[in-house]
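Just add 27 to the spot in the sequence shown (first one is 1) and you have the numbering used here. Don't be surprised by glycine CBs; every beta carbon is placed ideally from N, CA and C. None of these values were measured; they are calculated from a predicted model.
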Amino acid sequence: MDKLAIIGGRPLYGEVAISGAKNSALKVMAAALLTDEKLTLTNVPQLADVDMLARLLAQHGAQIDFSDGTLTLHAKDIISTEAPYDLVRKMRASFNVLGPLLAREGKAKVSLPGGCAIGARPVDLHLKALAAMGAKIELDEGYVIAEAPDGLKGADITLPFVSVGATEHTMLAAVLAKGATVIENAAREPEIADLAKCLNAMGAKIEGAGRSTIRIEGVDRLHGGEHRVLPDRIETGAYAMAVGATGGELTLTGTDGELLGTALAALKEAGLEIDDTDKGLRIKKTDERCKAVDIVTQPYPGFPTDLQAQFMALMATANGAATIKETIFENRFMHAPELSRMGAKISVDGQNATVRGVPRLKGAPVMATDLRASMSLVIAGLAAEGQTMVNRVYHLDRGFERLEEKLQNCGALIERVKD
Ligand code: EPZ
Numbered sequence: 028m029d030k031l032a033i034i035g036g037r038p039l040y041g042e043v044a045i046s047g048a049k050n051s052a053l054k055v056m057a058a059a060l061l062t063d064e065k066l067t068l069t070n071v072p073q074l075a076d077v078d079m080l081a082r083l084l085a086q087h088g089a090q091i092d093f094s095d096g097t098l099t100l101h102a103k104d105i106i107s108t109e110a111p112y113d114l115v116r117k118m119r120a121s122f123n124v125l126g127p128l129l130a131r132e133g134k135a136k137v138s139l140p141g142g143c144a145i146g147a148r149p150v151d152l153h154l155k156a157l158a159a160m161g162a163k164i165e166l167d168e169g170y171v172i173a174e175a176p177d178g179l180k181g182a183d184i185t186l187p188f189v190s191v192g193a194t195e196h197t198m199l200a201a202v203l204a205k206g207a208t209v210i211e212n213a214a215r216e217p218e219i220a221d222l223a224k225c226l227n228a229m230g231a232k233i234e235g236a237g238r239s240t241i242r243i244e245g246v247d248r249l250h251g252g253e254h255r256v257l258p259d260r261i262e263t264g265a266y267a268m269a270v271g272a273t274g275g276e277l278t279l280t281g282t283d284g285e286l287l288g289t290a291l292a293a294l295k296e297a298g299l300e301i302d303d304t305d306k307g308l309r310i311k312k313t314d315e316r317c318k319a320v321d322i323v324t325q326p327y328p329g330f331p332t333d334l335q336a337q338f339m340a341l342m343a344t345a346n347g348a349a350t351i352k353e354t355i356f357e358n359r360f361m362h363a364p365e366l367s368r369m370g371a372k373i374s375v376d377g378q379n380a381t382v383r384g385v386p387r388l389k390g391a392p393v394m395a396t397d398l399r400a401s402m403s404l405v406i407a408g409l410a411a412e413g414q415t416m417v418n419r420v421y422h423l424d425r426g427f428e429r430l431e432e433k434l435q436n437c438g439a440l441i442e443r444v445k446d
C-alpha cells in the first residue's frame with residue numbers, strides 16, 4: 028500500500044486549482060441512469076470513487092468515456108437492475124443507483140451499503156422516501172429488492188432530520204414519478220442545488236433545491252444534457268486550513284469562498300486572511316499561530332463534518348484551547364489519537380473534543396481510517412517538524428485529486444512512496 032512521506036515546516040506559496048466536487052460528481056453520475064440519451068459532465072475529478080461508480084454504471088449498461096475531466100455517460104439500455112455487494116460495499120454513494128433504476132425500470136436489487144469507519148450510516152430515510160412514492164421494498168440477504176411496476180408516484184416527504192443522501196436519492200427518484208413530490212426539511216448543501224441544476228438541464232422540474240423545501244414535478248421522460256460539476260468546497264477548505272497550519276499564501280482557483288458556509292467565518296476568526304481576487308480565493312497566513320476557535324458540525328450552511336478532521340489539525344497548533352463538537356456522525360474522531368502521536372494535545376469525550384494547541388507538532392508514522400481524517404494528517408504533517416509518513420494513501424486517492432502534485436507545486440516536501 029502506498030504511503031505519503033512529508034517533511035514538514037515549510038510554508039505554502041502558489042496556486043492550487045480546485046477540482047470539481049466529488050460529492051456532487053457521484054450524484055450527477057447516477058442521474059445518467061434516468062435517460063436513454065447521453066449525459067456529459069465536465070469538471071469531474073479523477074478520483075478512485077468516480078472510477079468505482081463508473082464501473083457500476085457500466086455494469087448497468089452505461090457506455091462511459093472519461094478524459095480530461097469530461098465524463099460522458101450513455102445508458103441507452105439498462106442491461107442489469109442489480110447492484111452487487113462488492114461494488115456498493117466499497118462506496119456508499121453507489122446505493123444511489125436504486126432510485127434511478129426503480130424510476131426508469133420499475134425494479135431494482137441493490138446491496139445495502141453497510142456501516143463504515145465514521146458511523147453506522149443507515150439508509151432507512153432513503154427507503155422510507157421510496158416507499159412513500161409507492162415502491163414495494165423488501166430486504167433479503169443484505170439486498171434491497173424494490174419494485175414499482177406501475178411507476179413511482181409523487182409524495183409529501185418530511186425528513187425527520189437533515190440527510191444529504193436521502194434528499195438527493197428522493198430527487199433522483201421523484202423526477203420521473205407521476206405527480207408532485209415535496210421534500211420538507213431537505214438538506215441545503217450546495218451539492219443538492221448542483222444535482223437539481225443537472226436534472227433540470229435534463230428536463231426535470233425541480234424548484235427550491237438549496238432551500239429546506241424542494242418541490243419536484245414529475246415528468247414522463249428525461250433527455251440528455253450537459254452539466255459542469257461545482258467546485259469542491261471540502262478541498263477548498265482543506266487547502267485553506269493547510270495554509271493556516273503552515274503559513275504562507277495560496278490562491279485557490281476555480282472555487283468560491285461562499286461555498287464554505289460558516290467554515291469561512293471560522294477560518295477568518297482563526298486568523299486567516301481570505302479574499303476573493305480576480306485570480307481566485309486568496310488565503311494568507313502570517314507566521315503567527317492561529318487563534319483557537321470553537322466549532323460545532325452542522326448540516327449546511329453550518330460547519331461541515333467533512334472539514335472537522337482538517338480543522339482539528341489546524342487547532343492542534345493554534346494558540347489556546349478549542350472545542351470541537353461532532354453532531355453528524357457518531358464515530359468521527361478517529362484522527363484524534365493519530366494527531367496525538369504527533370504531539371497534539373487532544374481529549375475526546377463522546378461528541379466533544381478539546382484541542383489544546385501546541386507551538387509545534389512532531390512528525391511521526393500515522394494512518395487514518397477515512398478520507399478526511401487522512402487529509403488532517405497530511406495537514407499536520409505539513410506543519411510538523413521532521414518527517415511524517417501517512418499510511419493508507421488509498422483513502423486520499425478516493426477524494427483529493429492529485430494531492431501530492433498540487434502541494435509540491437506550492438513548495439511542500441511531500442512524495443508518494445510505493446510499496
Ligand atoms: C454525505 O453523506 C457525504 N457523502 C458525506 O461525505 C458527508 O459527510 C455527509 O453527506 C454529511 O454532509 C457523499 O455525498 C457521498 P447524510 P450521507 O445522509 O449522504 C444519518 C466524505 O468524506 N442517516 O447527510 O451519507 C447518517 O448516519 C463523506 O466525502 C440516517 O440515520 O450523509 C448521519 O448520521 C463522508 N438514515 C446523518 O444521518 C438515513 O437514511 C447525516 O447523513 C440517512 C442518514
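**Report entry** residue 408 burial status per 10 Å Cβ neighbour count (16 or more: buried)
**Finding:** Using a 10 angstroms sphere on the CB of residue 408, the tally of other CB atoms reaches 16 or more, which defines it as buried.
Query raised in the report: Helix or strand or just coil, what does DSSP make of residue 266?
Result: Annotated three-state conformation of residue 266 is helix, per DSSP.
Query - Close beta carbons around residue 278, own chain, < 8 Å, minus the five adjacent residues each side - result: Within the same chain, residue 278 has close Cβ partners 41, 42, 43, 304, 306, 307, 308, 309 and 310.
Query - Local conformation of residue 183 per DSSP, three classes - result: Residue 183: strand per DSSP, three-state reduction.
Report task. With DSSP as the reference, label residue 202 as helix, strand or coil. Result -> Here residue 202 sits in coil by DSSP.
Report task. Keeping to the same chain, check which residues put their C-beta closer than 8 Å to that of residue 107; ignore five residues upstream and five downstream. Result -> In the same chain as residue 107, and ignoring 5 residues on each side of it, the C-beta atoms closer than 8 Å to its own belong to 86, 87 and 88, in chain order.
Query raised in the report: Among the residues of its own chain, which have a CB less than 7 Å from the CB of residue 437, if the five just before and after it don't count?
Result: For residue 437, the CB contacts under 7 Å within the same chain, skipping 5 residues up- and downstream, are 39, 40, 41, 43 and 277 in chain order.
Query raised in the report: Can you give, in chain order, each stretch of the beta strand (DSSP E) that sits fully within the segment 304–369 and has at least 3 residues?
Result: Within the segment 304–369, the complete beta strand (DSSP E) runs of at least 3 residues are 308–312 and 348–352.
Requested in this report: Examine ligand 1 and report whether any of its heavy atoms sits within less than 6 Å of the Cβ of residue 127.
Outcome: Taking non-hydrogen atoms of ligand 1 into account, the C-beta of residue 127 is found less than 6 Å away from none of them.
Query raised in the report: Near residue 28, which residues of its chain fall below 8 Å by C-beta distance, leaving aside the five closest residues on each side in sequence?
Result: Non-local C-beta neighbours of residue 28 in its own chain, meaning closer than 8 Å and more than five positions away in sequence, comprise 418, 419, 420, 421 and 446, ordered along the chain.
Report task. Run the proximity test for residue 212: is its beta-carbon closer than 6 Å to any non-hydrogen atom belonging to ligand 1? Result -> No; taking the cut-off as 6 Å, the Cβ of residue 212 has no heavy atom of ligand 1 nearer than that.
Query raised in the report: Hey, how far is the Cα of residue 415 from the Cα of residue 170?
Result: Distance between the alpha carbons of residue 415 and residue 170: 41 Å.
Query raised in the report: Quick one: is residue 217 buried, meaning 16 or more other Cβ sit within 10 Å of its Cβ, or exposed?
Result: With 16 or more other Cβ atoms within 10 Å, it is buried.
Query raised in the report: Could you check where the alpha helix (DSSP H) with residue 15 kicks off and where it finishes?
Result: For the chain, the structure presents residues 28 to 446; residue 15 sits outside this window and is missing.
Query raised in the report: Are the Cβ atoms of residue 302 and residue 51 separated by less than 7 Å?
Result: No, these two residues do not count as a Cβ contact at 7 Å.
Query raised in the report: At which residues does the beta strand (DSSP E) containing residue 442 begin and terminate?
Result: Taken as a continuous stretch (DSSP letters only), the beta strand (DSSP E) holding residue 442 covers 440–444.
Requested in this report: Have a look at residue 110 and residue 178 and give me their C-alpha separation to the nearest angstrom.
Outcome: Distance from the CA atom of residue 110 to the CA atom of residue 178, rounded to whole angstroms, is 20 Å.
Query - Classification of residue 187 by the beta-carbon crowding that lies within 10 angstroms, buried from 16 upward - result: When all chains shown are included, residue 187 counts as exposed.
Report task. Assign residue 396 to one of three DSSP states: helix, strand, or coil. Result -> Coil at residue 396, not helix or strand.
Query raised in the report: In chain order, what residues of the same chain lie with their CB nearer than 6 Å to the CB of residue 34, ignoring the 5 residues before and after it?
Result: So the list reads 414 and 440, once near-sequence residues are dropped.
Query raised in the report: alpha helix (DSSP H) containing residue 426: first to last residue?
Result: Taken as a continuous stretch (DSSP letters only), the alpha helix (DSSP H) holding residue 426 covers 421–426.
Requested in this report: Could you tell me the boundaries of the alpha helix (DSSP H) in which residue 55 lies?
Outcome: Residues 49–57.
Query - 3 or more residues per run - each beta strand (DSSP E) lying fully within the segment 221–259 - result: Within the segment 221–259, the complete beta strand (DSSP E) runs of at least 3 residues are 232–234, 241–244 and 252–255.
Query raised in the report: Pick from 62, 70, 56 and 60: whose alpha carbon is nearest that of residue 259?
Result: The residue with the shortest Cα to Cα distance from residue 259 is 70.
**Report entry** Inter-residue Cα distance where the pair is residue 113 and residue 63
**Finding:** The alpha-carbon atoms of residue 113 and residue 63 are separated by roughly 26 Å.
**Report entry** Delimiting residues of the beta strand (DSSP E) encompassing residue 41
**Finding:** Annotation: the continuous beta strand (DSSP E) that includes residue 41 extends over 39–44.
Requested in this report: Pull up the DSSP beta-bridge partners for residue 92, would you.
Outcome: According to DSSP, residue 92 bridges with 99.
Query raised in the report: In chain order, what residues of the same chain have a beta carbon less than 6 Å from the beta carbon of residue 352, not counting five sequence neighbours either side?
Result: Contacts found: 323, 378 and 379.
Query raised in the report: Going by other Cβ atoms of all chains shown within 10 Å of its Cβ, with 16 needed for buried, is residue 185 buried or exposed?
Result: An exposed status is given to residue 185, since fewer than 16 other beta-carbon atoms sit within 10 Å of its beta-carbon.
Report task. Below 8 Å on the Cβ atoms is my guess for residue 329 versus residue 49; work out the distance and round it to an integer in Å. Result -> Incorrect: roughly 20 Å between the Cβ atoms, too far for contact.
Requested in this report: May I have the straight-line CA-CA distance separating residue 325 from residue 241, to the nearest angstrom?
Outcome: Rounded to the nearest angstrom, the two C-alpha atoms are 20 Å apart.
Requested in this report: Could you pull the start and end residues of the beta strand (DSSP E) that residue 378 belongs to?
Outcome: Under the DSSP assignment, residue 378 falls outside any beta strand (DSSP E); it carries neither an H nor an E label.
Query raised in the report: Alpha carbon to alpha carbon, how far is residue 444 from residue 36?
Result: The alpha-carbon separation between residue 444 and residue 36 amounts to approximately 20 Å.
Query raised in the report: Does at least one heavy atom of ligand 1 sit under 6 Å from the Cβ of residue 207?
Result: No, the beta carbon of residue 207 sits no closer than 6 Å to any heavy atom of ligand 1.
Query raised in the report: Can you round the beta-carbon distance between residue 162 and residue 129 to whole angstroms, since I take them to be within the 8 Å contact cut?
Result: Going by Cβ atoms, the distance from residue 162 to residue 129 rounds to 6 Å, so yes, they are a contact pair.
Query raised in the report: In terms of residue numbering, what span does the alpha helix (DSSP H) encompassing residue 434 cover?
Result: Annotation: the continuous alpha helix (DSSP H) that includes residue 434 extends over 430–435.
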